[in-house]
Amino acid sequence: MPLSGTDSASPRVLRVECMPLDCGGTAVVVELDRMPERTWMKSLKRALQADDVLEDAHAKFDGRFVYVVGVEGGAHRMQHRVVQALVAADAPRAPAGSLRSRAGGTALSSPMP
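Using the numbering used here, you'd call the opening residue of the sequence shown number -10 and step up by one each time.
Written out as structure tokens, the structure reads:
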């Protein structure tokens, strides 16, 4: 089932996690239901660049996983911003609706202290 419910080219987000990096900083890891198409990857990169907080972050793609590195700030805040970017990446094709309906019930989690 695609993220937008209307475009089969859009992958569905299965999980979003925030993980501390050994070298310092934080990475937000997104698991998708399938490998995204190139147009979706470009759209996500544009959405990250459009966010003032995430403009220095970089999305790295590895199969069904997206690693957003270079994020600064609180883990939960960054997860929320990345989820907003995921929704924005699909916005041109998505009908108006709630974040939950477009994200397909995405599970958010972060490591326990």
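We put the beta carbon where it would ideally sit given N, CA and C, even for glycine.
The C-beta distance from A74 to T28 rounds to 15 angstroms, too long to meet the 8 angstroms contact threshold.
DSSP, reduced to helix, strand and coil, places M67 within a helical segment of the structure shown. Straight-line measurement puts the Cα of V72 at about 15 angstroms from the Cα of E44. Contact between E20 and R53 holds, with the beta-carbon distance rounding to 6 angstroms and staying under 8 angstroms.
In this structure Q68 does not touch V2 by the C-beta definition: roughly 12 angstroms separates them, more than the 8 angstroms allowed. DSSP, reduced to helix, strand and coil, places A46 outside both helices and strands of the structure shown, so it counts as coil. Taking C-beta separations shorter than 6 angstroms and ignoring five residues to either side along the sequence, A39 has no partners in its chain. Burial state of L37 is buried, judged by a 10 Å Cβ sphere holding 16 or more other Cβ atoms. In the DSSP annotation of this structure, the continuous segment of the beta strand (DSSP E) that includes R4 starts and ends at 2 to 9. Rounded to whole angstroms, the separation of the alpha carbons of V58 and D11 is 12 angstroms. Here the alpha carbons of V76 and R66 stand approximately 16 angstroms from one another.
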